[in-house]
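Have a look at the structure below before the remarks.
Protein chains in written order, with my numbering: chain S, 76 to 408; chain F, 76 to 408.
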């Protein structure tokens, strides 16, 4: 065990798009766990669009403050424990931040069962897969034959949403940011159609891809895409609001989408924001279903694993720019 | 039976606030019911903010076209029937429009049981009362002790929403357009607080009235009020979207409320548009409950009845300007 703890500090809160100079690499001593705490060595750090939102203010968690360790989900190994539920060698997940070692209260960590490959615990069997599963099934409530649209469709959550919707017998249309991604969604992941929101007016391309309108929209982006989809929703449609990445990496939009709440009334839509922990009571059942779909090949696990602690800032910046396909994470050791 | 049928035609579609010259009074012959049709003589015409929305385009019904009889809900009496389910003397409700007599297919009419006073069939035991009941209870799902906010609180639906929420043990705050209305809501109808959105910044006055945040918002107005309330919603709050009257009587807003969908996610809100007919299977049960609350004095029935057919245009214009308290209707005969 090395005796140096590398840490990426959030040096300053970005006011526009996130840049490398918002982070500062520091090297310090490995912390000592206090009473009830556990010392965790990071194996993988999860990169999520929400990381950027946390910099802007309190959300479902406190804001990250400048001068503190950058926050982030970690899959790690217990190296020392002063909490009865954990022992050295245990695999745990929790928000340990961007650092090699973190001393964290046992109560904020969750013991996880090793899986081969380990990375699946951050993708399909982690927050990502469960977010897609619960958001689509519990919030979107699609029925076979309905049209499901998902934005950021090539991203970590989006690709899983689309694949599950196909398993459920829906017609699935993805919205993504390049022609390459769109081809990949249809050719490799079985989406019925995919439209590139950066090429041509989305209203028209989406309309062509959804001639019967949209029954369920899984929204990862908010903003103009949300508005465009809203105008094409069918009566009694459902919108699962998972994130609003279009508003995270820059100044928040001056205005919201037109048609709110007028079209909610006229179309009698149910629009619901959620986070995955709202459904954690059903977690085991969901994981069992996901494992079955992966095992029989109906669900492809798409991961984008980058190696090396020092790649963290660029990995997040790239994710916010739409570089990744599937779940992006950084392998620490 | 007079042999003249007075009709208000929608002479032109208004492009801004509704004015008297959008209507034209005509006098013609009483129509003859065709096969399967019923001739209905109007007793009361219901005035609703939605009447104005219908002029702007298709909603949950077709748009009203210029040059046709103005549409509107009517409580009337069958004077002639060529439909097996109806006989002269039956009391019926349906969209018969602004005219003394209408020949309408039996299938679009509903037979109703006379009540004393008859007007209650258009207010508390009609669309108005049922909209308040289902929107609050089935969509808003308030629990005792929660804070419920309702906009257009002195209006037909709003006052009933607030009164029912009080019966259910909630803390109730109304938003209305004058100090007089606000005083009336608290002093006469038992609202805990009421704020005048026209006096001072609503964000501050609402915040003062809802120090613990808002759990359920029953939205009748959309627009800026919707946005202001959204920012004060509590985690896991519910918004029942009943109408967007702020957008009906003029040009639609250029933009929607800020915070959509970002705050839906962060606060994990459920925001749902509905119309009363979505719940008609539960109508009998709802009416029974409403009758019980009226009978034991827990629900006051607030009506604003104007006399005379020719008052119809001014009655609707006044309603859109917020003149009424409770359910506005015009008594025809």
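Positions of the beta carbon are idealized from the N, C-alpha and C atoms, including for glycine.
My understanding is that residue i touches residue j, with C-beta atoms under 8 Å, so please give their C-beta distance in whole angstroms.
i: residue 84(S); j: residue 142(S); result: 6 Å
i: residue 379(S); j: residue 402(S); result: 7 Å
i: residue 346(F); j: residue 318(S); result: Contact doesn't hold; Cβ gap of about 16 Å is too wide.
i: residue 274(F); j: residue 254(F); result: 7 Å
i: residue 323(S); j: residue 127(S); result: 4 Å
i: residue 80(S); j: residue 155(S); result: With 8 Å as the limit, residue 80(S) and residue 155(S) do not qualify as a contact, their Cβ atoms being about 13 Å apart.
i: residue 281(F); j: residue 303(F); result: 6 Å
i: residue 222(S); j: residue 246(S); result: 5 Å
i: residue 297(F); j: residue 344(F); result: Actually they are not in contact, since the Cβ atoms of residue 297(F) and residue 344(F) sit about 15 Å apart, beyond 8 Å.
i: residue 285(S); j: residue 224(S); result: 7 Å
i: residue 411(S); j: residue 236(S); result: With chain S covering 76 to 408 only, the question about residue 411(S) has no answer from this structure.
i: residue 98(S); j: residue 86(S); result: 6 Å
i: residue 306(S); j: residue 334(S); result: 6 Å
i: residue 389(F); j: residue 95(F); result: 7 Å
Name the residue from the options whose alpha carbon lies nearest to the alpha carbon of residue i.
i: residue 208(F); options: 99(F), 360(F), 183(F); result: 360(F)
i: residue 164(F); options: 115(F), 201(F), 301(F); result: 115(F)
i: residue 129(F); options: 89(F), 149(F), 154(F), 108(F); result: 89(F)
i: residue 152(S); options: 176(S), 352(S), 104(S); result: 176(S)
i: residue 186(S); options: 172(S), 205(S), 149(S); result: 149(S)
i: residue 320(S); options: 112(S), 183(S), 294(S), 104(S); result: 294(S)
i: residue 331(S); options: 299(S), 338(S), 356(S); result: 299(S)
i: residue 349(S); options: 374(S), 391(S), 214(S), 198(S); result: 214(S)
i: residue 172(S); options: 119(S), 281(S), 262(S), 313(S); result: 119(S)
i: residue 125(F); options: 189(F), 182(F), 231(F); result: 231(F)
i: residue 385(S); options: 93(S), 100(S), 91(S); result: 100(S)
i: residue 228(F); options: 217(F), 353(F), 248(F), 216(F); result: 248(F)
i: residue 197(S); options: 218(S), 104(S), 241(S), 147(S); result: 147(S)
i: residue 370(F); options: 200(F), 82(F), 180(F), 136(F); result: 200(F)
i: residue 184(S); options: 162(S), 192(S), 195(S), 234(S); result: 162(S)
i: residue 395(F); options: 264(F), 204(F), 325(F); result: 325(F)
i: residue 191(S); options: 306(S), 266(S), 366(S); result: 366(S)
i: residue 113(F); options: 95(F), 96(F), 388(F), 181(F); result: 181(F)
i: residue 240(F); options: 390(F), 305(F), 226(F), 219(F); result: 219(F)
i: residue 238(F); options: 372(F), 102(F), 288(F), 278(F); result: 372(F)
i: residue 158(F); options: 166(F), 167(F), 111(F), 194(F); result: 111(F)
i: residue 310(S); options: 135(F), 217(F), 86(F), 102(F); result: 135(F)
i: residue 102(F); options: 265(F), 144(F), 391(F); result: 144(F)
i: residue 233(F); options: 217(F), 242(F), 250(F), 243(F); result: 250(F)
i: residue 189(F); options: 168(F), 258(F), 314(F), 244(F); result: 168(F)
i: residue 216(S); options: 195(S), 122(S), 244(S); result: 244(S)
i: residue 383(S); options: 212(S), 121(S), 91(S), 265(S); result: 121(S)
i: residue 263(F); options: 211(F), 377(F), 170(F); result: 377(F)
Would you say residue i faces chain A, with C-beta separation under 8 Å as the test?
i: residue 260(F); result: Although the question refers to chain A, the structure presented lacks it and instead comprises the protein chains S and F.
Residues bridged to residue i by DSSP?
i: residue 114(S); result: 155(S), 178(S)
i: residue 269(F); result: 249(F)
i: residue 83(S); result: 100(S)
i: residue 289(F); result: 308(F)
i: residue 150(S); result: 119(S), 168(S)
i: residue 226(S); result: 250(S)
i: residue 348(S); result: 316(S)
Could you tell me which whole beta strand (DSSP E) segments of length 3 or greater appear in the region 166-214 of chain F? 166-170, 176-180
Of the residues that make up the region 110-136 of chain S, which ones have a beta carbon closer than 7 Å to any beta carbon in chain F? 134, 135
Within 7 Å of chain F by C-beta, residues of the region 329-348 of chain S in sequence order: Taking 7 Å as the Cβ-Cβ cut-off against chain F, the residues of the region 329-348 of chain S that qualify are 330, 331, 332, 333, 334, 335, 336, 337, 339, 340, 341, 342, 343, 344, 345, 346, 347, 348.
Name the residues in the region 248-264 of chain F whose C-beta lies less than 8 Å from a C-beta of chain S; which are they? Listed by position, the residues of the region 248-264 of chain F near chain S (Cβ gap below 8 Å) amount to none.
May I ask you to list, following chain order, the residues of the region 309-321 of chain F that have a beta carbon less than 9 Å from some beta carbon of chain S? Of all residues in the region 309-321 of chain F, 310, 311, 314, 316, 317, 318, 319 have a Cβ within less than 9 Å of some Cβ in chain S.
Along the chain, which unbroken stretches of the beta strand (DSSP E) at least 3 residues long are found entirely within the region 293-342 of chain F? 308-316
For the region 349-362 of chain S, list every residue whose C-beta sits within 7 Å of some C-beta in chain F, in sequence order. 349, 350, 353
Residues within the region 289-309 of chain F neighbouring chain S, beta-carbon criterion of under 7 Å: 294, 297, 301
Counting only runs of 4+ residues fully inside the region 228-255 of chain F, write out the alpha helix (DSSP H) ranges in chain order. 231-242
Where are the alpha helix (DSSP H) runs, 4 residues long or more, that stay fully inside the region 95-141 of chain F, in chain order? Whole alpha helix (DSSP H) segments, 4+ residues: 124-129.
Complete runs of the alpha helix (DSSP H) confined to the region 356-406 of chain F [at least 4 residues]: 358-370, 387-395
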